[in-house]
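A.B. asks: Structure provided below as structure tokens; questions to follow.
Written out as structure tokens, the structure is:
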């Protein structure tokens with residue numbers, strides 16, 4: 005198999021991420037979003053919101069690449085809700101196995117790059133990875149709010165869960181933190197989320 | 005409205021691209037793909053295939069950003085098939101109007117950046133834009149082949165159409181061109197495409 009054939013095999017395999025569904029609704033609540041279109045939206049968010057991340061010298065292209073590939077492992081491992089702590093532990097093993105299979109469809113040098121980006125994201129090893137995580141937490145919060153908390157109620161998400169997530173934004177992205185905290189308070193006030 | 009509120013309004017509006025359907029099937033032929041997940045896949049392709057683009061010094065981050073935003077205008081203007089030449093002319097006006105509305109949801113400086121990226125892509129003004137177009141043409145060809153040409157037949161796509169598209173890859177991305185040309189020949193041989 006030529007290098008190009010290997011790369012195209014990977015690209016066609018990546019297509020399967022369009023069928024991995026998350027617990028977040030589209031803004032019009034018509035259906036759950038899939039992990040491919042979610043990754044796209046996070047990359048758009050990085051382009052637009054990078055200025056709100058305080059640590060200087062953020063490498064935006066690195067953030068984009070990390071966000072584009074961060075959910076690929078879900079092709080094999082599926083999506084696990086952030087509240088499901090027991091499941092999340094098992095998930096780590098499944099995702100490591102998935103990364104091994106999927107990234108190794110690529111030529112070796114590219115497999116190493118993809119694996120490195122994914123690991124950097126997972127372990128929050130850099131400012132870029134921390135910012136990418138902030139966006140990955142902010143997006144379902146924005147969608148949860150505009151869809152009046154339907155999937156929060158379905159998945160037993162509490163105000164406490166959301167506040168603990170938002171807490172991690174406080175130091176490095178204070179405007180985003182304040183916006184998110186205000187949304188949560190408003191969601192409680194409107195009955196989208198239990199007190 | 006604060007700058008952050010404007011940016012979030014744009015991010016939520018961008019979500020609508022997940023409901024704009026294209027004439028390309030997912031690789032398992034279960035449904036048509038939408039323009040948001042398509043944009044994501046093109047960005048992944050850029051990460052993987054950039055080495056096959058010959059002009060030196062390609063700015064990959066620029067390619068990524070262009071691909072991420074290139075279809076946003078379809079939120080208002082819809083998707084038009086590449087074979088529908090009459091429609092494509094009217095489409096240009098619709099897309100310009102859409103760019104004006106959508107990008108201006110952002111703060112002015114960011115609206116300018118998004119508008120510039122979109123225009124660069126549309127007018128194929130740079131090596132980055134030309135490479136982005138090559139990927140935008142290659143992806144439906146790959147999916148068309150693995151789904152045995154179903155949407156080609158449904159949309160009256162001919163071998164001639166596809167060869168004219170692939171021709172534009174010859175000079176700057178010869179390996180990609182040769183791979184695509186071989187796929188087309190094979191598709192004709194297998195009856196996925198009329199001779």
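Residue numbers (the numbering used here), protein chains in the order written: chain R, 5 to 199; chain A, 5 to 199.
Note that the Cβ used here is the ideal one computed from N, Cα and C, for glycine as well.
What you are looking at is a predicted structure, and each value in this text was computed from that prediction instead of being measured.
#1: Give the residues of chain R in contact with residue 80(A), contact being defined as C-beta atoms less than 8 Å apart.
#2: Tell me whether residue 36(A) sits in a helix, a strand or coil according to DSSP, three-state version.
#3: Which residues, in chain order, does the region 130-148 of chain A contribute to contact with chain R at a C-beta distance below 7 Å?
#4: Can a CB atom of chain R be found closer than 8 Å to the CB of residue 47(A)?
#5: Rounded to the nearest angstrom, how far is the Cβ of residue 180(R) from that of residue 53(R), given a contact under 8 Å?
#6: Among 58(A), 130(A), 62(A) and 71(A), which residue has its Cα nearest to the Cα of residue 48(A)?
#7: Which residues mark the beginning and the end of the beta strand (DSSP E) in which residue 29(R) is found?
#8: For residue 129(R), count neighbouring Cβ atoms within 10 angstroms of its own Cβ and tell me buried if that reaches 16, exposed if not.
#9: So residue 204(A) and residue 125(A) are supposed to be a Cβ contact under 8 Å. How far apart are they, rounded?
#10: Cβ atoms of residue 40(A) and residue 21(A): under 8 Å apart, would you say?
#11: Just reading off the alpha helix (DSSP H) that residue 104(R) is part of, what are its end residues?
#12: Which residues, in chain order, does the region 24-48 of chain R contribute to contact with chain A at a C-beta distance below 8 Å?
#13: When we look at the beta-carbon of residue 171(A) and count the other beta-carbons within 10 Å, is it buried (16 or more) or exposed?
#14: For residue 6(A) versus residue 144(A), is the C-beta distance shorter than 8 Å?
#15: For residue 102(R), I'd like the list of residues in its chain whose CB is within less than 6 Å of its CB, leaving aside the five on either flank, ordered along the chain.
#16: Let me confirm a value: residue 148(R) is counted as buried when at least 16 other C-beta atoms fall within 10 Å, else exposed. Which label applies?
#17: Could you round the C-beta distance between residue 146(R) and residue 12(A) to whole angstroms and report it? I think they count as a contact, below 8 Å.
#18: For the candidate residues 159(R), 150(R) and 158(R), whose alpha-carbon lies nearest to that of residue 184(R)?
#19: Classify residue 57(A) as buried or exposed, calling it buried when 16 or more other Cβ atoms lie within 10 Å of its own Cβ.
#20: Any C-beta of chain A sitting closer than 8 Å to the C-beta of residue 95(R)?
#21: Starting from the Cα of residue 1(R), find the closest Cα among 114(R), 133(R) and 86(R) and give me that residue.
#22: Going along chain A in order, which residues have a C-beta closer than 7 Å to the C-beta of residue 169(R)?
#23: Can you pull the chain A neighbours of residue 14(R), defined as C-beta to C-beta under 7 Å?
#24: Against chain R, with Cβ distances strictly below 8 Å, would residue 161(A) count as a contact?
#25: On the DSSP letters alone, give me the boundaries of the alpha helix (DSSP H) that residue 164(R) sits inside.
#26: Just to confirm my understanding: we take residue 141(R), look at its own chain, exclude 5 residues before and 5 after, and list those with CB closer than 7 Å. What are they?
#27: Give a yes or no on whether 8 Å exceeds the smallest Cβ distance from residue 19(R) to chain A.
#28: Look at the Cβ atom of residue 115(R), then the Cβ atom of residue 107(R), and state whether they are nearer than 8 Å.
#29: Go ahead and pull the three-state DSSP assignment for residue 58(R).
#30: So with Cβ pairs under 8 Å, would you call residue 128(A) a contact of chain R?
#31: Give a yes or no on whether the minimum CB-CB distance between residue 150(R) and chain A is below 8 Å.
#32: Is it true that the CB of residue 197(R) sits closer than 8 Å to the CB of residue 153(R)?
#33: What in chain R is Cβ-close to residue 183(A), meaning under 8 Å?
C.D. replies: With the given structure in hand:
#1: Counting from one through the second chain, the residue named residue 80(A) turns up at place 76. Here the premise fails: no neighbours, minimum Cβ distance about 15 Å.
#2: Taking the second chain and counting its residues from 1, one reaches residue 36(A) at position 32. Judged by DSSP in its simplified three-state form, residue 36(A) adopts strand.
#3: 146
#4: As a position in the second chain, residue 47(A) is number 43, starting the count at 1. Output row for residue 47(A): interface = yes.
#5: In the first chain, counting from the first residue as 1, residue 180(R) sits at position 176. In the first chain, counting from the first residue as 1, residue 53(R) sits at position 49. Going by Cβ atoms, the distance from residue 180(R) to residue 53(R) rounds to 7 Å, so yes, they are a contact pair.
#6: Indexing the second chain from 1 puts residue 48(A) at position 44. For the residues 58(A), 130(A), 62(A) and 71(A), the minimum Cα distance to residue 48(A) belongs to 71(A).
#7: For the purposes of this step, residue 29(R) is identified with residue 25 of the first chain, where counting begins at 1. It spans 25-29 - the beta strand (DSSP E) in which residue 29(R) sits, taken as one unbroken run.
#8: Taking the first chain and counting its residues from 1, the one referred to as residue 129(R) is at position 125. Classification for residue 129(R): exposed.
#9: A query on residue 204(A) cannot be resolved here, the shown segment of chain A reaching from 5 to 199 and no further.
#10: One-based indexing of the second chain puts residue 21(A) at position 17. One-based indexing of the second chain puts residue 40(A) at position 36. Yes, they are a contact pair.
#11: Your numbering for residue 104(R) matches position 100 in the first chain. Start and end: 89-107.
#12: 30, 31, 32, 34, 37, 38, 40, 41, 43, 44, 45, 47 and 48
#13: Numbered from 1 along the second chain, position 167 holds the residue referred to as residue 171(A). Classification for residue 171(A): exposed.
#14: Taking the first residue of the second chain as position 1, residue 6(A) is located at position 2. Taking the first residue of the second chain as position 1, residue 144(A) is located at position 140. Not closer than 8 Å, so no.
#15: The residue labelled residue 102(R) in the question sits at position 98 within the first chain. Cβ neighbours of residue 102(R) beyond the five flanking positions: 77, 80 and 81.
#16: Within the first chain, residue 148(R) is the residue found at index 144, counting from 1. It counts as buried.
#17: What you label residue 146(R) is simply residue 142 of the first chain in a count that begins at 1. What you label residue 12(A) is simply residue 8 of the second chain in a count that begins at 1. Yes, they are in contact, since the Cβ atoms of residue 146(R) and residue 12(A) sit about 6 Å apart, within 8 Å.
#18: For the purposes of this step, residue 184(R) is taken as the residue at position 180 of the first chain. For residue 184(R), the closest of 159(R), 150(R) and 158(R) by C-alpha to C-alpha distance is 150(R).
#19: Taking the first residue of the second chain as position 1, residue 57(A) is located at position 53. Buried is the call here.
#20: Here the question's residue 95(R) lines up with position 91 in the first chain. Taking Cβ atoms only, chain A never reaches closer than 8 Å to residue 95(R), which makes this a no.
#21: Chain R is shown from 5 up to 199; residue 1(R) falls before or after that span and cannot be answered.
#22: Within the first chain, numbered from 1, the residue matching residue 169(R) stands at position 165. Around residue 169(R), no beta-carbon contact reaches into chain A at under 7 Å, the shortest distance being about 17 Å.
#23: Locating residue 14(R) in the first chain gives position 10, where the first residue counts as 1. Those are 52, listed as they occur along chain A.
#24: By one-based count along the second chain, residue 161(A) stands at place 157. Judged by the 8 Å Cβ criterion, residue 161(A) is not in contact with chain R.
#25: Here the question's residue 164(R) lines up with position 160 in the first chain. 163-171 is the extent of the alpha helix (DSSP H) around residue 164(R).
#26: If you number the first chain from 1, residue 141(R) lands on position 137. Answer for residue 141(R): 169, listed in chain order.
#27: Here residue 19(R) refers to the residue found at position 15 when the first chain is read from its first residue. For residue 19(R), the answer is yes, since a Cβ of chain A falls inside 8 Å of its Cβ.
#28: Position 111 of the first chain, counted from the start, is the residue given in the question as residue 115(R). Position 103 of the first chain, counted from the start, is the residue given in the question as residue 107(R). Yes, the pair counts as a contact, with Cβ atoms nearer than the cut-off.
#29: Start at 1 with the first residue of the first chain, and residue 58(R) comes out as number 54. Coil.
#30: In the second chain, counting from the first residue as 1, residue 128(A) sits at position 124. By this cut-off, residue 128(A) is not an interface position.
#31: Working through the first chain from its first residue, we reach residue 150(R) at position 146. By this cut-off, residue 150(R) is an interface position.
#32: Stepping through the first chain from its first residue, residue 153(R) is reached at position 149. Stepping through the first chain from its first residue, residue 197(R) is reached at position 193. Cβ atoms of residue 153(R) and residue 197(R): closer than 8 Å.
#33: For the purposes of this step, residue 183(A) is taken as the residue at position 179 of the second chain. Ordered by position in chain R, the residues that pass the 8 Å Cβ test against residue 183(A) are 8, 9 and 12.
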